[in-house]
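*Asks:*
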Amino acid sequence: MTENPFFRPSTLAYELPPFAEIRPEHYLPAFERGMTEQLAEIAAITADPQPPTVENTLVALERSGRLLHRVKVVFENHSAADTTPEVDRIDAEISPRLAAHRDAIHLDGALFARIEELHAHRAELDLDPQTLRLLERRHTAFVRAGARLGAERQARLRAINTELAAAASEFRQNVSADSQARALVLDSAEQLAGLSADEIAAAAENGRALGHPGAYVLSLKNFSNQTELASLTDRSVRERLLAASLDRAADTNGPLAIRMAALRAERARLLGHDTHAAHVVADETAGTVEAVDALLARLVPPAVANARREAERLAEVAAADGVEEIAAHDWAYYSEQVRQASYQVDAAALRPYFELERVLRDGVFFAANLAYGVTFTERPDLVGYHPDTRVFEVFDADGSALGLFLGDFHARASKRGGAWMDELVTQSALLGQRPVVYNNLNIAKPAPGEPVLLSWDEVRTLFHEFGHALHGLFSDVRYPYVAGTAVPRDFVEFPSQVNEMWMVWPEVLANYARHHETGEPLPAGLVERMEAAESFGQGFRTVEYLAAALLDWAWHTLPEGQEVADAREFEAAALAKAGLAVAAIPPRYRTTYFGHIFAGGYSAGYYAYIWSEVLDADTVEWFKGDGRGVRESGEVFRRELLARGDSREALDSFRAVVGRDPETGPLLARRGLV
């Protein structure tokens, strides 16, 4: 297949993949050739008769696998953002093969011997800090992958990794299929009473797109509490919607989760750790299971107490409707009633002030220019991976070209739920590559010609994911292995959470929050009332999050050999043990659709969001203090943290910005836990 577009580097700007040429039949041949080529490159490294050096071993390893990388990043995006049955079949086939390929490299004794020798003599090599960091990170990765195990244990490790990769693909596809199957189909607009006119129109458009003309369809987001629950006045519809969400993939993914947790526990023991959580956290900024335990345990009691106080207020309002006890499908609805009555905040009335194009250009891009001096020019001549995808060229403050940003903002049946960022091209001075990054969101597409109006939470998500994008765009390191967002999992959410602050930064908010028809600014004082209303809801949000984080922790602190009979029973017992069995607040993700931990990279790592928020809340206070200008602070944050990737210890980058170790006070105040 000589015309396979993956077989040669892209000639497009910034090596943007040639999406117009790529078809599903190109993937498997490219994967196969890519794996073969990389193994040949590894064999050439190990066959070199010269003693190992940085250049003939470490740098050669960095340069290896370019074809495999090109196809892998495109395929992973395709399977997440615009999948098809054919792509799903390829994913099921290639995932275990890729796991075996990774093991073939990490468990190559001759290759590890060369890295081990370099590592043992690193103090004598006079390495620059980035190269020393690369050597240390590569050596750690090989050891953690089992390079020091004997042949028998390595064989078992390979089998476990292959089975886990296949299981993760199956889990992911089960969630996607059942989420689509459980979309709530309603016959009349009256059943959607409480939603805004544009939301009802979007549900009708969704029905048409999904093959239900004349019906109204609410597709499921990837988390438990669906956003429409805050507005739907029909209690029975709310109940049906939440039930559909909470029951996803219960039959298929329950047994799969049990098997995956057991395999991870067995693998951890092979690698010398008591549990999978201990293995994971040893290479994160938290460092130990005890450190994570301590943070989560400190947060649970005040969060639950806060939620109970909120529940008392909700019960007062619900009683007027004859509701005797607040159920899970009532919480968001009556919370919205409290916000309207107590804080004069109507979430639906905010939407006309948050039109997507204006939020993007006059909010997200404007804030990036304000803090970092960068500018954005849309490139309609460059083709994205889907018709909805938009391509922007990014320029630095001095006018020099920086990279590309792709935005894919709309929901569709072929896209998995949630929002995420990733890279198509990773910045690297060694390879002469500048970054190409993308954001995926799931904003409902309105009827043709209608404006795309965002909720307050969707505005936050847009700023959040763009924070990840900036982390990739501002990367300025030599080696791709430590570039961009390749930082510890419990650090990677930190820059994106910091970027959320710009959504309410007065100068930024005034620039984008204007009525899409009249141009009138957001009414004075409304943001302050919104923040007060959000403070009221912190009990719910913290309990919802902690329940998911501790559920992840429970699955992954299981020791090898401890049997679990039923996933839902295990889940209930884990939440009760953690003090989080709050019937009216289900976890943000239940086990059977918890893709972060069973189909993504967050196993024993969902605590990362709250761990990163400690750093985030502290940094936001730093941004606001000491009399620096926004531009000056932005340059420090960019130079000392965003640009560094994993080229030095993550917390050293934090200290270089803030000037000290992180403190928990700002987080506790933000969450209403003090």
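First residue of the sequence shown: 1, per the UniProt record's numbering; consecutive thereafter. The C-beta atom is built at its ideal place from N, Cα and C for all residues, glycine as well. Since the model is a prediction, treat every value here as computed from it, not as a measurement.
Determine the direct distance from the alpha carbon of E228 to that of E336, and round the result to whole angstroms.
*Replies:* Cα to Cα, the separation comes out at about 11 Å.
*Asks:* Just the Cα atoms here: how many angstroms apart are A320 and W502?
*Replies:* A320 and W502: Cα-Cα distance of roughly 39 Å.
*Asks:* Assuming Y372 and G634 are in contact, meaning their beta carbons sit under 8 Å apart, how far apart are those beta carbons, in whole angstroms?
*Replies:* Confirmed, about 5 Å.
*Asks:* Which residue or residues does DSSP assign as beta-bridge partners of P521?
*Replies:* In the DSSP output, where bridge partners are listed per residue, P521 has R514.
*Asks:* Straight-line CA distance for E621 to P666?
*Replies:* Between E621 and P666, the C-alpha separation is close to 8 Å.
*Asks:* Below 6 Å CB to CB, which residues in the same chain sit around H515 once its five sequence neighbours on both sides are set aside?
*Replies:* Within the same chain, H515 has close Cβ partners P352, Y353.
*Asks:* Here's a check: name, in chain order, each residue in its chain whose Cβ is nearer than 6 Å to the Cβ of A447, leaving out the five neighbours to either side.
*Replies:* Once the five neighbours on either side are set aside, the close Cβ partners of A447 are A201, E205.
*Asks:* Taking the C-alpha atoms as reference points, what is the distance between S496 and E378?
*Replies:* Each residue's alpha carbon lies about 23 Å from the other.
*Asks:* Checking 7 Å against the spacing of the C-beta atoms, do N225 and G539 come in under that value?
*Replies:* No, they are not a contact pair.
*Asks:* Give the range of the alpha helix (DSSP H) segment to which D178 is assigned.
*Replies:* Segment 151-181, the alpha helix (DSSP H) holding D178.
*Asks:* Taking buried to mean at least 16 other C-beta atoms within 10 Å of its own C-beta, is G207 buried or exposed?
*Replies:* G207 should be labelled buried.
*Asks:* Does A578 come out as helix, strand or coil in the three-state DSSP assignment?
*Replies:* It is coil, neither helix nor strand.
*Asks:* Could you check how far apart the C-beta atoms of L430 and Y479 are, in whole angstroms? I think they sit under 8 Å.
*Replies:* With 8 Å as the limit, L430 and Y479 qualify as a contact, their Cβ atoms being about 6 Å apart.
*Asks:* Per DSSP, A401 is paired with what?
*Replies:* Looking at the DSSP assignment, A401 forms a beta bridge with F395.
*Asks:* Could you spell out where the alpha helix (DSSP H) holding Y593 opens and where it closes?
*Replies:* That residue, Y593, is in no alpha helix (DSSP H); it is neither H nor E in DSSP.
*Asks:* Under the three-state reduction of DSSP, which class applies to E355: helix, strand or coil?
*Replies:* Note: E355 maps to strand in three-state DSSP.
*Asks:* How long is the line joining the alpha carbons of L232 and V345, rounded to whole angstroms?
*Replies:* Their backbone Cα atoms lie some 17 Å apart in a straight line.
*Asks:* Assign L125 to one of two classes, buried (16 or more other C-beta atoms within 10 Å of its C-beta) or exposed (fewer than that).
*Replies:* The residue is exposed, with fewer than 16 neighbouring Cβ atoms inside 10 Å.
*Asks:* Am I right that N499 and F466 are in contact with their C-beta atoms under 8 Å? What's the rounded C-beta distance?
*Replies:* Confirmed, about 6 Å.
*Asks:* Quick one: residues in its chain with C-beta nearer than 7 Å to the C-beta of H386, no 5 flanking neighbours on either side, listed in chain order?
*Replies:* Excluding residues within five positions, the ones whose Cβ falls inside 7 Å are A81, D82, D408.
*Asks:* Per DSSP, G407 is paired with what?
*Replies:* Beta-bridge pairing links G407 to R390, N439.
*Asks:* What does a CB cutoff of less than 7 Å around A104 pick up in its chain, not counting 5 residues either side in sequence?
*Replies:* Closer than 7 Å at the Cβ level, and outside the excluded window around A104, lie L39.
*Asks:* Once the 5 residues before and after E534 are set aside, which same chain residues still bring their CB inside 7 Å of it?
*Replies:* There are no such residues.
*Asks:* In whole angstroms, give me the CA-to-CA distance for L127 and G629.
*Replies:* Each residue's alpha carbon lies about 37 Å from the other.
*Asks:* For S10, which residues in the same chain have their Cβ closer than 7 Å to its Cβ, ignoring the five residues on either side in sequence?
*Replies:* So the list reads L16, P17, P18, once near-sequence residues are dropped.
*Asks:* Taking the CB atoms as reference points, tell me whether A261 and L580 lie closer together than 7 Å.
*Replies:* Not a contact, by the Cβ cut-off of 7 Å.
*Asks:* In whole angstroms, what separates the C-alpha of A197 from that of A348?
*Replies:* Going from the Cα of A197 to the Cα of A348 covers about 10 Å.
*Asks:* Whole angstroms are fine: how far does the CA of P52 sit from the CA of T485?
*Replies:* Between T485 and P52, the C-alpha separation is close to 29 Å.
*Asks:* Evaluate E520 with the Cβ neighbour count: other Cβ atoms within 10 Å of its Cβ, from every protein chain shown; 16 or more gives buried, anything less gives exposed.
*Replies:* The residue in question, E520, is exposed, as its Cβ has fewer than 16 Cβ neighbours within 10 Å.
*Asks:* Per DSSP, E378 is paired with what?
*Replies:* Answer is F392.
*Asks:* Have a look at F637, V217, A532, A92 and flag the residue whose alpha-carbon is nearest the alpha-carbon of S475.
*Replies:* Nearest C-alpha to S475: F637.
*Asks:* Find out if the Cβ-Cβ distance for the pair R269, E560 is shorter than 7 Å.
*Replies:* Cβ distance < 7 Å, so R269 and E560 count as in contact.
*Asks:* Do you know offhand how far M1's Cα is from R8's?
*Replies:* Summary for M1: the model assigns pLDDT 48, below 50, so the residue's position carries little reliability; its value from the coordinates is reported in the next sentence. Roughly 12 Å separates the two Cα atoms.
*Asks:* Quick check: the Cα distance between Q433 and Q427, rounded to an integer number of angstroms?
*Replies:* Q433 and Q427: Cα-Cα distance of roughly 5 Å.
*Asks:* By the three-class DSSP mapping on this structure, what secondary structure does V477 have?
*Replies:* Three-state result, V477: coil.
*Asks:* Where does E205 sit, in a helix, a strand or coil, going by DSSP?
*Replies:* Helix.
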